[in-house]
Amino acid sequence: MPRGAGTALPDRLVANTAWMCARSGIRVLLHGAYFIIVARVLGAAGYGEFIAVAALAAFLAPFGSFGTGNLLVRNVSRDPAALAESWSTALVTTAVSGVLLTAALVVVAAYALAGTPVLLVVLIGTADMVFGQFSDICGKAFQAQQRLDVTASLDTALSAAKVFAALALFAVGSPTPVTWAWFYAAANAVGAAVAIGVVYTRHDRLPLTFRLSIRVAKEGLYFALSQWAQVFQKDIDKMLIVRFSGLQAAGVYAAAARIIEITFTPVYALLAATYPGFFRHGAGGLGATMAFARPFVLGGAVYGLVMGLALALAAPVLPHVLGESFAGSVEAVQWLALLPLLRALHYVGGDVLTGAGFQRLRTSLQIIVGAVAVSTAVWAIPLYSWRGAAMTAVAANLLLVAASWTAIVLMRKTQ
């Protein structure tokens, strides 16, 4: 073994984690800035209408790339020569699927969100399922090559574009959710164009083959279903609140959920930096993957506990920042304060299963928990409004933690 080879990957992991943590700090500031601007300008009801459509789009978005981004990371992290084929497959699949899914979103929204402007649905669908997926594929292309510095830069550029879009919205007199959707789509289009440009600048001879692969689609389906189950379990409550409790309650809850999401950004950064490593260690079996994951479980748990306490204590300032229409978000944030801890534990557990080759098992667990969560939410939200959604969210994440780590222990005993 060449001298220093044993420390090459740990050194790269430290560097990648540092890049993603730096990005996460910037991203928290940028996401917080545009969230505050948009929430204040639209108010709880207007923000609730936008988020309801965005949540519906999020249900379909994982099928925009059909798991090809995850396959790109897996394939290239193991064999860098696989970049050309994996990139072409991911880009073409995303382009075709994104357009078809945007059309499907319009049809679904006509029933699930009756009365919502069609233009609002089209703009958000195009932004999230076409442009947003392009940006994600580009980030994964560099993530697969352990170039998290570039991934971080692309993500920061997209976040900055959204801040400029929010500032433009602020300058508009009497803006509506449709107005914001125009700016939101434009920001995502700019982010996607920049990301694709960077990919081809860094890989000037990267070919693009216009073909779809049934084999890859089948393989990527489990990754897509896994992402869909995560989104479904996380966002279905917003849709149900709109239906049973109205836009005001949906806006209050969505703002609280957004704050939880923003504070979880550093853990997302760590997960992004370590994701290729789970595949590399997964080649050595579940034991090797668990050993790789151990420090991240501890770090995520500590961060989740500290952040949960901070959220519960700081929540009362929200109406002063977002406006009085979000006064109910104080209690909502306090209800959801356990989520950073629970998500850190089950996301790392899920990556252990994925890296060790148990993606199908992970997906199955997520779908089962998602079904339980939806059933519970359909009962709880009509009775308790957003509080029912908060109870369901905490319970579902707790169930995912238990299911993921129980599965890991049981599968480890069989090896």
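Here the numbering used here is used: the first residue of the sequence shown is 625, the next is one more, and so on.
Built from N, CA and C at the ideal position, the CB exists for glycine as well.
> Between the Cα of Val-662 and the Cα atoms of Phe-807, Ala-781 and Gln-1039, which residue gives the shortest distance?
Replying inline: For the purposes of this step, residue 662 is identified with residue 38 of the sequence shown, where counting begins at 1. Nearest option by C-alpha distance: Phe-807.
>> Measuring straight from C-alpha to C-alpha, what distance separates Ala-706 and Thr-887?
In response: As a working note, residue 706 is residue 82 in the sequence shown. As a working note, residue 887 is residue 263 in the sequence shown. Cα to Cα, the separation comes out at about 35 Å.
> Which whole runs of the alpha helix (DSSP H) in the segment 869–924 are 4 residues long or more, in chain order?
Replying inline: 871–887 and 889–906
>> Considering Cα atoms alone, identify which of Gly-749, Leu-989 and Glu-955 is closest to Ala-1014.
In response: Residue 1014 sits at position 390 when you count from the first residue of the sequence shown. Answer by Cα proximity: Glu-955.
>> Within 8 Å of any Cβ in chain C, is that where the Cβ of Ala-1020 sits?
In response: Checking the listed chains, one finds no chain C in this structure; it contains a single protein chain.
> So, helix, strand or coil for Val-652, using DSSP?
Replying inline: The residue you call residue 652 lines up with position 28 of the sequence shown. Looking at Val-652 - three-state DSSP - the assignment turns out to be helix.
>> For the segment 1015–1033 against the segment 959–966, do three or more pairs of beta-carbon atoms, one drawn from each stretch, fall closer than 8 Å, so that the two count as touching?
In response: yes
> Just curious, the alpha helix (DSSP H) that Arg-829 is in, first and last residue?
Replying inline: Working through the sequence shown from its first residue, we reach residue 829 at position 205. Neither: Arg-829 is in no alpha helix (DSSP H) and is coded neither H nor E.
> First and last residue of the alpha helix (DSSP H) that includes Val-600?
Replying inline: The first residue shown for the chain is 625 and the last is 1039, placing residue 600 beyond what the model contains.
> Taking contact to mean at least 3 C-beta pairs separated by less than 8 Å, is the segment 724–741 in contact with the segment 774–791?
Replying inline: no
> In the structure shown, what three-state DSSP assignment does Phe-982 receive?
Replying inline: Translated into positions along the sequence shown, residue 982 becomes position 358. Of the three classes helix, strand and coil, the one that applies to Phe-982 here is coil, per DSSP.
> When the Cα of Gln-990 is compared with those of Leu-696, Thr-889 and Lys-858, which residue comes out closest?
Replying inline: Position 366 of the sequence shown, counted from the first residue, corresponds to residue 990. If we check each option's Cα against that of Gln-990, Lys-858 comes out closest.
>> Tell me the DSSP secondary structure of Gly-844 in three-state form.
In response: The count along the sequence shown starts at 1 and reaches residue 844 at position 220. Helix, per DSSP.
> Rounded to whole angstroms, how far is the Cβ of Leu-985 from the Cβ of Ala-917, which I believe are closer than 8 Å?
Replying inline: Within the sequence shown, numbered from 1, the residue matching residue 985 stands at position 361. Within the sequence shown, numbered from 1, the residue matching residue 917 stands at position 293. That belief does not hold up - the Cβ atoms of Leu-985 and Ala-917 are roughly 16 Å apart, past 8 Å.
>> Between the alpha carbons of Leu-772 and Leu-1007, how many angstroms are there, rounded?
In response: Looking up residue 772 in the sequence shown gives position 148. Looking up residue 1007 in the sequence shown gives position 383. One C-alpha to the other measures close to 45 Å.
>> Using C-beta distances below 8 Å, list every residue in its chain close to Leu-845, excluding the 5 sequence neighbours before and after it, in chain order.
In response: For the purposes of this step, residue 845 is identified with residue 221 of the sequence shown, where counting begins at 1. Hits under 8 Å: Phe-690 and Gly-691.
> Does the beta-carbon distance from Val-1047 to Thr-889 come in below 8 Å?
Replying inline: Residue numbering for the chain in the displayed model covers 625 to 1039; residue 1047 lies beyond these limits and cannot be assessed.
> DSSP three-state call for Ala-951: helix, strand or coil?
Replying inline: Within the sequence shown, numbered from 1, the residue matching residue 951 stands at position 327. In the structure shown, Ala-951 sits in coil (DSSP, three-state: anything other than H, G, I, E or B).
>> Nearer than 7 Å: is that true of the beta carbon of Leu-791 relative to any heavy atom of the ligand FMN?
In response: Of ligands this structure carries none, so the ligand FMN is not represented either.
> From this set, Glu-709, Ala-995 and Arg-702, which residue's C-alpha is nearest Phe-856's C-alpha?
Replying inline: Here residue 856 refers to the residue found at position 232 when the sequence shown is read from its first residue. Of the candidates Glu-709, Ala-995 and Arg-702, the one whose C-alpha sits nearest the C-alpha of Phe-856 is Ala-995.
> Roughly how many angstroms lie between the CA atoms of Ala-790 and Val-866, to the nearest whole one?
Replying inline: Taking the sequence shown and counting its residues from 1, the one referred to as residue 790 is at position 166. Taking the sequence shown and counting its residues from 1, the one referred to as residue 866 is at position 242. Going by the C-alpha atoms only, they are around 24 Å apart.
>> Once the 5 residues before and after Ala-714 are set aside, which same chain residues still bring their CB inside 7 Å of it?
In response: Taking the sequence shown and counting its residues from 1, the one referred to as residue 714 is at position 90. Answer for Ala-714: Ser-689, Thr-692, Gly-693, Leu-696 and Ile-761, listed in chain order.
> Among Ala-925, Ala-795, Leu-946 and Pro-919, which one has its Cα closest to the Cα of Ile-883?
Replying inline: Taking the first residue of the sequence shown as 1, we reach residue 883 at position 259. It is Leu-946 whose Cα lies nearest to the Cα of Ile-883.
> Could you check where the alpha helix (DSSP H) with Gln-757 kicks off and where it finishes?
Replying inline: Reading the sequence shown from its first residue, position 133 is the one you call residue 757. Here the alpha helix (DSSP H) through Gln-757 covers 756–768.
> If you drop the 5 nearest sequence neighbours on each side, which residues of the same chain put their C-beta closer than 7 Å to that of Thr-978?
Replying inline: Residue 978 sits at position 354 when you count from the first residue of the sequence shown. Phe-902 and Arg-986, listed in sequence order.
> Helix, strand or coil: how does DSSP classify Gln-854 here?
Replying inline: Locating residue 854 in the sequence shown gives position 230, where the first residue counts as 1. If DSSP states are grouped into helix, strand and coil, Gln-854 belongs with the helices.
> Does the pairing of the segment 868–884 with the segment 663–678 give three or more beta-carbon distances under 8 Å?
Replying inline: yes
>> Using a Cβ distance threshold of 8 Å, determine whether the segment 929–942 contacts the segment 718–737, with at least three qualifying pairs required.
In response: no
> For Thr-631, which three-state DSSP category applies?
Replying inline: Taking the first residue of the sequence shown as position 1, residue 631 is located at position 7. Low confidence applies here, because Thr-631 scores a pLDDT of 43, under 50, leaving its location unreliable; read the following figure in that light. If DSSP states are grouped into helix, strand and coil, Thr-631 belongs with the helices.
>> If I follow the unbroken alpha helix (DSSP H) through Pro-943, where does it start and stop?
In response: Indexing the sequence shown from 1 puts residue 943 at position 319. Its alpha helix (DSSP H) spans residues 942–946.
> In or out: His-944 buried (at least 16 other Cβ within 10 Å) or exposed?
Replying inline: By 1-based counting over the sequence shown, the position of residue 944 is 320. The residue in question, His-944, is exposed, as its Cβ has fewer than 16 Cβ neighbours within 10 Å.
>> Give me, in chain order, the residues of the same chain whose beta-carbon lies closer than 8 Å to that of Gly-981; leave out the 5 immediate sequence neighbours on both sides.
In response: Locating residue 981 in the sequence shown gives position 357, counting from the first residue. Excluding residues within five positions, the ones whose Cβ falls inside 8 Å are Gly-906.
>> Let me confirm a value: Ile-838 is counted as buried when at least 16 other C-beta atoms fall within 10 Å, else exposed. Which label applies?
In response: Here residue 838 corresponds to residue number 214 of the sequence shown, with the count starting at 1. By the 10 Å Cβ count, Ile-838 comes out exposed.
> Which two residues bound the contiguous alpha helix (DSSP H) that contains Ala-1027?
Replying inline: Sequence index remark: in the sequence shown, residue 1027 carries index 403 (1-based). Segment 1010–1038, the alpha helix (DSSP H) holding Ala-1027.
> When the Cα of Thr-718 is compared with those of Leu-684, Val-746, Asp-703 and Arg-702, which residue comes out closest?
Replying inline: Along the sequence shown, read from residue 1 onward, the residue named residue 718 stands at position 94. Selected option, being the one with the closest Cα: Leu-684.
> Between the Cα of His-655 and the Cα atoms of Pro-704, Met-753, Ala-813 and Ala-879, which residue gives the shortest distance?
Replying inline: Residue mapping note: residue 655 aligns to position 31 of the sequence shown, counting from 1. For the residues Pro-704, Met-753, Ala-813 and Ala-879, the minimum Cα distance to His-655 belongs to Ala-879.
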